[in-house]
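2 protein chains.
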Amino acid sequence: MQRIRSPEVPAHAGSIIHICGWVHAVRRLGSITFLIVRDGWGLVQVVIETQPGAAPMDPPGAESIVGVCGLVAANAAAPGGHEIQNPVITVIETAEAPAIALGKRQLGCGLATLLDQAVVLNRHPQRRALLRLASAAMEGFRATLRARHFTEIQTPKLVGTATEGGSEVFTVDYFGRPAYLAQSPQFYKQIMVGVFERVFEVGPVFRAEPSDTIRHLSEYVSMDVEFGFITDHGTVMELLREVIAAVIGGIAEQCGQDIDLLGLTMPTVPAAIPALHFTEAKEIAFQRTGMDARQEIDLAPQEERALGTWAVETHGSDFLFVTGYPMAKRPFYTHPDQTRPAYSNSFDLLFRGLELVTGGQRLHRHADYIAALTARGIDPAGFSAYLSAFRHGMPRHGGFAIGLERLVMQLAGVANIRLATAFPRDVGRLSP
Amino acid sequence: MQRIRSPEVPAHAGSIIHICGWVHAVRRLGSITFLIVRDGWGLVQVVIETQPGAAPMDPPGAESIVGVCGLVAANAAAPGGHEIQNPVITVIETAEAPAIALGKRQLGCGLATLLDQAVVLNRHPQRRALLRLASAAMEGFRATLRARHFTEIQTPKLVGTATEGGSEVFTVDYFGRPAYLAQSPQFYKQIMVGVFERVFEVGPVFRAEPSDTIRHLSEYVSMDVEFGFITDHGTVMELLREVIAAVIGGIAEQCGQDIDLLGLTMPTVPAAIPALHFTEAKEIAFQRTGMDARQEIDLAPQEERALGTWAVETHGSDFLFVTGYPMAKRPFYTHPDQTRPAYSNSFDLLFRGLELVTGGQRLHRHADYIAALTARGIDPAGFSAYLSAFRHGMPRHGGFAIGLERLVMQLAGVANIRLATAFPRDVGRLSP
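So the sequences go chain by chain: A and B. Residue numbers for the first sequence follow my numbering, beginning at 1 and rising by one. Residue numbers for the second sequence follow my numbering, beginning at 1001 and rising by one.
What follows is the structure in structure tokens.
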């Protein structure tokens, strides 16, 4: 008999079906044993009744692989509103039960245990639900960009020149000479604007920042966009709003059960996301935190949190654009605001008080690059291949990068970004 | 006026439109100047007629960024069957013309020049067409797997333990201690079968093989699949056939113009791909090459080519499965053929005489892993996190990995894999 998947069980009410999966939990209630079987998509309750006078069955151990044939019957108390009765159970593979039971609703263990034992603990329904958000986010991101005629690219992660700065880059022994791991696909996505005009990439990026915080990983997934023929960073912000709305909408559509299981409130992406200039944002943060950091050229985490609260209270929005970050804080390829040259045509998008996206307009003229690099004391000769894109014709362009794990972290409301991915990497962690 | 993209021009015949792009070529014919404008998707011919007695216009230089407003008229000789007449041309950005003209049909330069100047030469229509095949392949791969209820994963590229062998791995300075770049997502995709049952990933993999051949890169894109509840490698081969058919079909559907421009003959994926056991393949290769390599435990490139020819001649197929590779050649996680334990439940898929895919059934029992590692003289303690997946319940499972650049190389018929990607990496090349 053809095996069916757990979400298909309700459609077979009244029929005999065959399912396979892991023994998720076993519960005894008098002469009845409930066997909860987990497959790749959900849980199925199997009801085993012991005949009067017979010895109760010896159920297979947790995480054993089983096949079950039986009759589907409605039961509002069972997962999916249905259960399997009169089962014939086959143990396909036996297993050693994990030290931490996966069948409990909450994984009652600390962060270190959860990460150390991620290989097995990612099987827990709540972990799976959270990880599925990431899969749906990637799909929504790509689908909405393809619909807008963007071309997907895959750019090199092994590079000969450090992209944005020397200190935060991992060095690789590349056949006896140094290579670096790309901190972002920035240079390549700009170059590819010269080829396809509108490009996107979903891929790993690597940051050797020794920041051991709740919101940094040394390897994470960046969802990158870059496109040409923009007016300024406003065009980029408009596209970003559409992309974020599509990503959130796609997750809501695909992950309804996961959202319910995790008890999440999905955000609404407003038709116009409120936007503050950096200088305004600093004033509001000062009013709200009482801490005067108005001379600093970046926003501190507590300022971002205060601004997030401000956006909810004054605009009912979980999202807030902060525009015009000081040029001194932005990378050399950033386009200045021509009316206030100390500020940039760039932005961050805060989501629930955390920087989720960075983007902006880039320089597009070769002479501007030479001037920008020279002003920072960097020899343009080290960037000659990249700069040839601008020498040989580039339109005004810009783009952004969404941090996938930060998106999942804020959506799922987990307190530490290490919980927003299956196998996190940080200063101290390279495994599992 | 709203700008339109080049593929939309024919739909506006008889109307005034606005396009933007790069000056691809300029051709003069008496008093008429043809300006070919390239945008991200194609070419548009703009016709400039000089009034009698007036001086001919001074056209903008190659790769300048221009905007054109004008009337769309049919012209069978123009790209897309239409051209723009009575244009008003605005030069948006001037550019230095590249040393190699992009407006010629063929890029008349050697491999080294092409790669050294890839930043600009990837703008050539033939290069773009080839690179679009890769984008369409990734999309088709993901779409067909999502339709089969696979979950997309992103696994770490920085790992604490070298996956398949020590010699072909890049070492990274990870905050003062060694890390390695993942040679494949093999361990993680197997672990994730325990979580989601059916998983796929598209991402970079890294090989420190010093092989300087026409078919090796040190960084390439691997399209990986792994799934549970299989019978044996035959189940994996069935899925692979469906995936390859969907990928080829998706490229044919999306890239019709690119296929025409490159003059490609797309392969047909047979309903049943011919399959040879390794021992049979060796005999046929011997008959065809006259070179007796029947005692070798792998297929040499010339044997693969001979087998590719055999598949076309005897089965009319561009694809050929070779199954049952010797266990001695396969990694430790490979499942043996239980009837002939020196051979494996694994396969390669050859496409036009080149290994395109490797796959097979994996071991799924903890004790079998311990035995396999021990027999190879490897201490299982180094793999304890990975092995915990098998200790705690895993079904029979298997999967495969498709090399994206090899697929493009064979589809496009380019002689060197370095031409099948935008920015190749090899022993000697880290830039652009």
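A virtual CB, placed ideally from N, CA and C, is assigned to each residue, including glycine. Just so we're clear, the structure is a prediction, and the values are computed from it rather than from any experiment.
Do residue i and residue j have their C-beta atoms within less than 7 Å of each other?
i	j	result
A:Val119	A:Pro432	yes
A:Tyr325	A:Phe278	yes
B:Ile1244	B:Val1221	no
A:Met409	A:Ala422	no
A:Ala311	A:Pro267	no
A:Leu319	A:Phe351	Looking at the sequence shown, residue 319 of chain A is not Leu but Phe. Yes.
A:Leu158	B:Glu1355	no
A:Ser184	A:Val205	yes
A:Glu238	A:Val193	no
B:Ile1036	B:His1018	no
A:Gly228	A:His335	no
B:Val1202	B:Met1138	yes
For residue i and residue j, I'd like the C-alpha separation in whole angstroms.
i	j	result
B:Ala1372	B:Tyr1333	8 Å
B:Arg1146	B:Asp1039	32 Å
B:Pro1380	B:Phe1200	26 Å
B:Thr1374	A:Thr113	28 Å
B:Pro1210	B:Asn1086	57 Å
B:Asp1232	B:Asp1337	9 Å
B:Ala1385	A:Lys282	46 Å
A:Gly81	A:Val46	12 Å
A:His392	B:His1124	13 Å
A:Glu197	A:Gly403	22 Å
A:Arg406	B:Thr1323	43 Å
A:Ala143	A:Arg362	25 Å
A:Gln154	B:His1364	33 Å
B:Phe1034	B:Gly1103	12 Å
A:Pro156	B:Thr1213	19 Å
B:Ala1013	B:Ile1251	29 Å
B:Ala1306	A:Glu93	42 Å
A:Ala11	A:Leu387	59 Å
A:Gln126	A:Pro395	46 Å
A:Ala136	B:Ala1078	42 Å
A:Ala62	B:Glu1242	34 Å
B:Thr1161	B:Arg1207	14 Å
A:Ala129	B:Leu1071	54 Å
A:Ala389	B:Leu1261	24 Å
A:Glu303	A:Val357	16 Å
A:Ala182	B:Cys1069	41 Å
B:Gly1053	B:Thr1090	23 Å
A:Val414	A:Leu111	11 Å
A:Arg105	B:Ile1230	30 Å
A:Leu411	B:Ala1134	32 Å
B:Met1223	A:Arg148	24 Å
Quick check on the DSSP output: the alpha helix (DSSP H) that includes residue i runs from which residue to which?
i	result
A:Phe448	One cannot answer for residue 448 of chain A here, as it falls past the ends of chain A, which runs 1 to 432.
B:His1335	It is not in any alpha helix (DSSP H) - B:His1335 carries neither H nor E in the DSSP assignment.
B:Glu1303	1301-1315
B:Phe1200	Premise fails: B:Phe1200 lies in the beta strand (DSSP E), 1198-1206, not in any alpha helix (DSSP H).
B:Asp1173	B:Asp1173 -> not in any alpha helix (DSSP H); beta strand (DSSP E) instead, spanning 1171-1174.
A:Leu262	256-262
A:Pro141	Residue identity differs from the one stated: residue 141 of chain A is Phe in this sequence, not Pro. Run containing A:Phe141: 125-147, per the alpha helix (DSSP H) assignment.
B:Ala1112	1111-1116
Would you list the residues sitting across from residue i in a DSSP beta bridge?
i	result
B:Asp1348	B:Val1322, B:Thr1358
B:Thr1033	B:Arg1028, B:Ile1048
B:Gln1085	B:Leu1071
A:Tyr180	A:Val159, A:Thr171
A:Leu20	Before going further, note that residue 20 of chain A is Cys rather than Leu in the sequence given. A:Gly67, per the DSSP bridge assignment.
A:Tyr343	A:Pro326
A:Arg429	A:Asp426
B:Thr1090	B:Gly1067
B:Thr1151	B:Val1199
For residue i, report the span of its beta strand (DSSP E) as first-last.
i	result
B:Ser1222	1219-1228
Measuring only from the beta carbon, is residue i closer than 6 Å to any heavy atom that is part of the ligand GTP?
i	result
B:Phe1150	Although the ligand GTP was asked about, the structure shown includes no ligands whatsoever.
Quiz prompt | Length at least 4, wholly inside the region 1366-1422 of chain B: the alpha helix (DSSP H) runs in chain order | solution = 1366-1375, 1384-1391, 1404-1412
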